[in-house]
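> The structure follows.
There are 2 protein chains.
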Amino acid sequence: MDDLVADLQMLIRQPSVSAKNEGIEECAKLVQKLLKKSGAKSEILRLRKGVAPIVYGEIKSKQNPEKTLMFYNHYDVQPAEPFDLWDDPPFSGVKKGNKIFGRGASDDKGELITRIKAVEAYLKTTGDVPCNIKFVIEGEEETGSEHIEDYLKKYKKKFSCDGVIWEFGYVDAKNRPIVGLGMKGLLFVELSVQESVRDAHSSLAVLIKNPAWRLIEAINTLRNSDGKILIKDWYKEVSSLSKNDLGIIQKEPFDENVFKKEFGIKSFVGNKKGLEAKKALVGDATCNIAGFVSGYTGDGAKTVLPGNALVKIDFRLIPKMDPKKQVSRLKKHLKSKGFSDIRIKVFHGEAAARTKSSHPFVSQVKAAADKSFGKSILNVSNAGTGPMHPFVEILKAPCISIGSTYMFSRIHSPNEFARIDLLKKTTKCMCMIMDNFGKN
Amino acid sequence: MDDLVADLQMLIRQPSVSAKNEGIEECAKLVQKLLKKSGAKSEILRLRKGVAPIVYGEIKSKQNPEKTLMFYNHYDVQPAEPFDLWDDPPFSGVKKGNKIFGRGASDDKGELITRIKAVEAYLKTTGDVPCNIKFVIEGEEETGSEHIEDYLKKYKKKFSCDGVIWEFGYVDAKNRPIVGLGMKGLLFVELSVQESVRDAHSSLAVLIKNPAWRLIEAINTLRNSDGKILIKDWYKEVSSLSKNDLGIIQKEPFDENVFKKEFGIKSFVGNKKGLEAKKALVGDATCNIAGFVSGYTGDGAKTVLPGNALVKIDFRLIPKMDPKKQVSRLKKHLKSKGFSDIRIKVFHGEAAARTKSSHPFVSQVKAAADKSFGKSILNVSNAGTGPMHPFVEILKAPCISIGSTYMFSRIHSPNEFARIDLLKKTTKCMCMIMDNFGKN
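If you're matching them up, the sequences are chains B and U in order.
Residues in the first sequence are numbered from 1 upward in steps of one, following my numbering.
Residues in the second sequence are numbered from 1 upward in steps of one, following my numbering.
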């Protein structure tokens with residue numbers, strides 16, 4: 001574990017913010033070094049210039065060369081802003097008791113290190129692995145995995161496998177790991193308006209239109225206060241949750257009070273409670289304002305009429321929502337409501353994906369999780385997004401998420417951390433998954 | 001004029017951003033130095049610690065010690081942000097042909113220098129001034145002149161006068177100065193919402209409320225898209241424009257096309273045209289978004305659910321709107337619409353003021369303006385705000401704005417400039433005002 005902690009700290013100390021193209025190449029090289037240290041063959045794969053490379057690793061099994069397990073992870077991290085809310089510098093990787101702090105400590109450098117160390121432990125103690133292992137470690141996950149589909153197509157043969165262990169897995173407040181069978185999709189857009197060619201004195205607001213008002217009027221038509229999206233046909237292709245899925249959701253524990261306390265909130269969107277809240281996590285689409293900026297945002301008063309306004313919106317998509325179709329529905333909506341002056345920039349779209357709970361890979365992973373953590377929980381779909389759809393589509397392999405990310409570990413927020421006890425249990429769990437998978 | 005230009009450049013090069021308390025004391029000292037250089041007695045007046053000082057100047061007239069003219073100006077400037085839109089550094093004071101660029105070049109350091117140089121010219125050429133002169137130069141105008149009322153009360157005797165020349169005066173696209181008889185009031189507020197105690201991963205938007213959505217829903221009830229304010233009783237005490245006022249407005253030239261071209265816009269708020277547009281500038285109240293910020297506003301995508309959202313709103317007030325009353329109406333409105341969770345911070349409120357067009361001071365100033373510029377235009381009220389109300393109330397003196405500020409000189413915006421030809425004409429105009437005022 002000392003070695004794991006030290007290597008994780010080293011990884012955190014190498015910033016790798018894909019949104020800003022900060023430290024990406026350096027971090028890829030560091031990951032390759034760690035793969036080689038574990039005993040894997042490793043190479044840096046490239047699509048073309050300007051695209052973050054994939055770090056690829058491979059170990060052929062002597063005892064079982066017929067079955068291949070893939071570990072999919074990412075070495076990039078979210079931006080660390082707002083810096084002033086961090087207790088320690090975001091890339092310090094400081095260890096305090098059972099926790100290691102830093103941007104990426106959990107998401108995804110902590111997860112990645114458990115996979116690498118599991119393989120390393122197997123190779124060092126037995127000289128072999130129970131099945132072939134492939135590492136696919138990308139560098140654009142936090143900006144939406146824009147090129148993973150192209151990579152999967154280009155390296156389809158190299159990446160062929162029989163099962164994929166996803167880049168993360170949540171552990172709940174009672175230390176139970178979630179065995180996740182799906183991910184939501186994502187559509188990230190920027191809407192903007194320009195009225196005047198520049199900022200003006202706000203006294204002119206009697207005549208010059210305010211772009212912030214315009215944008216607010218426009219986006220206020222997108223959803224109601226309960227979170228329902230009001231864009232025409234947004235939910236058209238969506239099926240309601242199956243009986244099987246509902247059964248799994250009903251069994252899932254969810255402590256509303258712990259969750260509310262953690263975020264300091266009193267009620268949920270649309271005043272959801274109990275099963276409704278659990279169903280929302282698995283199956284609700286969202287229209288979330290990730291950022292809004294216009295005019296003067298510093299301290300004090302400035303009587304300015306801004307020239308432009310911009311909002312960043314992320315829509316979480318559920319199965320059967322096609323990102324491209326949803327973009328055209330959004331455009332049609334704004335036009336039909338009289339807002340054809342609103343400019344739309346699409347950052348990326350990604351469809352949702354789910355693996356069927358009846359697949360044998362599910363029980364192999366669940367058994368390993370139960371054994372290493374005590375008890376695990378089955379989950380139909382994570383509330384978050386990952387590029388699971390192209391893996392399922394192109395590699396035709398089942399994908400399951402299981403890992404070490406404590407659900408209140410503040411991923412994407414200041415003071416993100418990883419718990420050392422969970423890193424240890426997850427490393428053990430990864431060994432058992434290889435074992436169960438290789439021998440069945 | 002060389003001396004005037006050099007002194008103005010020196011003033012611009014001393015930043016004095018009241019919103020950030022940057023360079024205030026230093027600029028006050030510099031202004032005092034310039035007053036002394038002109039031949040005035042000068043002192044720095046203070047209210048208490050933490051309040052920007054007033055630079056006071058005085059010259060007693062030998063030929064006419066019975067009448068006193070006050071020049072009211074300010075030495076503070078607006079913040080220079082966004083810095084990257086300036087062609088030259090905002091505090092460089094660079095001269096290019098007929099223009100001097102920099103934050104404060106027109107508003108208000110350009111205006112101030114014309115008053116000082118007019119007095120200096122009179123004293124140097126005749127050894128006297130045609131009436132007593134008082135300079136009241138404050139340092140908090142751009143943050144709303146929060147303490148000018150207290151200063152006027154404290155120094156009521158020292159400041160007593162028979163007429164006030166206001167801190168600015170616009171010059172239109174055809175080089176005609178505006179003789180302004182009034183100012184609108186201002187109410188600057190910050191509305192904010194906190195939902196979660198911190199930013200969260202945006203996948204949790206299915207359950208955690210988004211403060212940006214909440215704030216948008218709330219403020220979208222404040223006005224309609226034509227700019228009409230929907231807060232109950234907002235216009236209750238307001239009278240419509242008098243026949244006299246309407247007559248003056250009708251005579252006012254206003255070139256819609258030049259205005260629209262300057263700002264790159266095609267139509268006005270509420271599609272106003274002709275007389276309606278002119279009436280709006282004089283007499284419409286506004287609810288303007290001066291700034292809105294929430295979540296991630298940097299480059300690229302970040303899937304974050306913000307913990308809080310904040311909007312800065314400035315309401316322009318028209319005569320008989322009491323700022324305190326309007327604040328309580330705003331609070332009542334939000335409460336009645338179900339938004340009692342929205343926090344309100346009031347930065348300041350200031351009532352509107354107007355001087356009657358029949359006052360003899362008006363014709364004295366207008367005659368001086370006609371003579372020095374060729375032709376001037378009478379204006380019932382400026383669209384902007386200044387603390388004219390306490391001057392009229394406490395000093396019982398008529399206030400008139402006349403000056404050198406070209407109406408497209410980008411005050412409060414990047415690349416603010418002053419035109420040297422107008423600085424020259426205004427200096428001459430100030431001499432003539434002293435003359436007309438002293439001899440009548």
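Even for Gly, the Cβ is constructed at its ideal location relative to N, Cα and C.
(1) If you compare alpha carbons, which of 170(B), 354(B), 16(B) and 344(B) is closest to residue 190(B)?
(2) Taking 8 angstroms as the cut-off, does the segment 374 to 392 of chain U touch the segment 177 to 184 of chain U (at least 3 CB pairs, one atom from each stretch)?
(3) At 3 residues or longer, what runs of the beta strand (DSSP E) sit wholly inside the segment 384 to 413 of chain B?
(4) Quick check on this structure: which residue in 115(U), 146(U), 255(U) and 125(U) has the alpha carbon closest to the alpha carbon of residue 176(U)?
(5) Name, please, each residue of chain B whose Cβ falls closer than 7 angstroms to the Cβ of residue 201(U).
(6) For a test of the three-state rule: what should DSSP assign to residue 146(U), helix, strand or coil?
(7) Could you give the distance in angstroms between the alpha-carbon of residue 410(B) and the alpha-carbon of residue 419(U)?
(8) Report, in whole angstroms, the separation of the C-beta atoms of residue 224(B) and residue 215(B), which I expect to be a contact under 8 angstroms.
(9) Please report whether the beta-carbon of residue 248(U) lies at a distance below 8 angstroms from any beta-carbon of chain B.
(10) Is the segment 50 to 68 of chain U close to the segment 128 to 137 of chain U, with three or more CB pairs under 8 angstroms?
(11) Determine, using beta-carbon pairs with one atom in the segment 24 to 39 of chain U and one in the segment 114 to 127 of chain U, whether at least three such pairs fall under 8 angstroms.
(12) Tell me, to the nearest whole angstrom, how far the beta carbon of residue 47(U) is from that of residue 154(U); I am working on the premise that it is less than 8 angstroms.
(13) So, residue 165(B) versus residue 54(B), is the Cβ gap smaller than 8 angstroms?
(14) Taking Cβ-Cβ distances shorter than 7 angstroms, what residues in chain U pair up with residue 244(B)?
(15) Pull out every residue of the segment 330 to 350 of chain U whose Cβ sits closer than 8 angstroms to any Cβ of chain B, in chain order.
(16) So what does DSSP say about residue 314(B), is it helix, strand or coil?
(17) Would you say the segment 198 to 209 of chain B touches the segment 279 to 290 of chain U, given that touching needs at least three Cβ pairs under 8 angstroms?
(18) Within 8 angstroms (strictly less), CB to CB, does residue 294(U) reach chain B?
(19) Out of 145(B), 245(B), 323(B) and 324(B), state which residue places its alpha-carbon closest to the alpha-carbon of residue 356(B).
(20) Do you know whose CA, among 429(U), 139(U) and 5(U), lies nearest residue 26(U)'s CA?
(21) If the cut-off is 8 angstroms on Cβ atoms, which residues from the segment 184 to 200 of chain B count as contacting chain U, listed in chain order?
(22) Sorted by chain position, which residues of the same chain lie with C-beta nearer than 6 angstroms to residue 51(B)'s C-beta, five sequence neighbours on each side aside?
(23) Quick one: grab the DSSP three-state call for residue 72(U).
(24) Take residue 432(B) and list the residues in its own chain whose beta-carbon comes closer than 7 angstroms to its own, dropping the five residues that flank it on each side.
(25) Is there a Cβ from chain B that is less than 8 angstroms from the Cβ of residue 80(U)?
(26) Let's see if you can read the secondary structure: which residues bound the alpha helix (DSSP H) around residue 219(B)?
(27) Reducing DSSP to helix, strand and coil, say where residue 165(U) ends up.
(28) Return the bridge partner residues of residue 183(B) from the DSSP annotation.
(29) Any heavy atom of the ligand HEM inside 7 angstroms of the beta-carbon of residue 208(B)?
(30) How about residue 263(U): is its C-beta nearer than 8 angstroms to some C-beta of chain B?
(31) In whole angstroms, what is the alpha-carbon distance linking residue 78(B) and residue 386(B)?
(32) What does the Cβ neighbour count give for residue 65(U), buried or exposed, with the cut at 16 atoms within 10 Å?
(33) Which two residues bound the contiguous beta strand (DSSP E) that contains residue 55(U)?
(34) Going by CA-CA distance only, name the one from 170(B), 195(B), 88(B) and 103(B) that's closest to residue 341(B).
(35) Ignoring anything shorter than 4 residues or poking outside the segment 321 to 371 of chain U, list the alpha helix (DSSP H) runs there in chain order.
(36) Can you tell me whether residue 91(B) is helix, strand or coil according to DSSP?
This is what the structure gives:
(1) 344(B)
(2) yes
(3) none
(4) 255(U)
(5) 384, 411 and 412
(6) coil
(7) 55 angstroms
(8) The pair is not a contact, with the Cβ atoms about 18 angstroms apart (cut-off 8 angstroms).
(9) no
(10) yes
(11) yes
(12) 7 angstroms
(13) no
(14) Within chain U, no residue comes near residue 244(B); the closest Cβ sits about 21 angstroms away, beyond 7 angstroms.
(15) 347 and 348
(16) strand
(17) yes
(18) yes
(19) 245(B)
(20) 139(U)
(21) 184, 186, 188, 195, 196, 197, 198, 199 and 200
(22) 147
(23) strand
(24) 368, 371 and 372
(25) no
(26) 211 to 219
(27) strand
(28) 353(B)
(29) Ligands displayed in this structure: none; no statement on the ligand HEM is therefore possible.
(30) yes
(31) 14 angstroms
(32) exposed
(33) 54 to 59
(34) 195(B)
(35) 323 to 336
(36) coil
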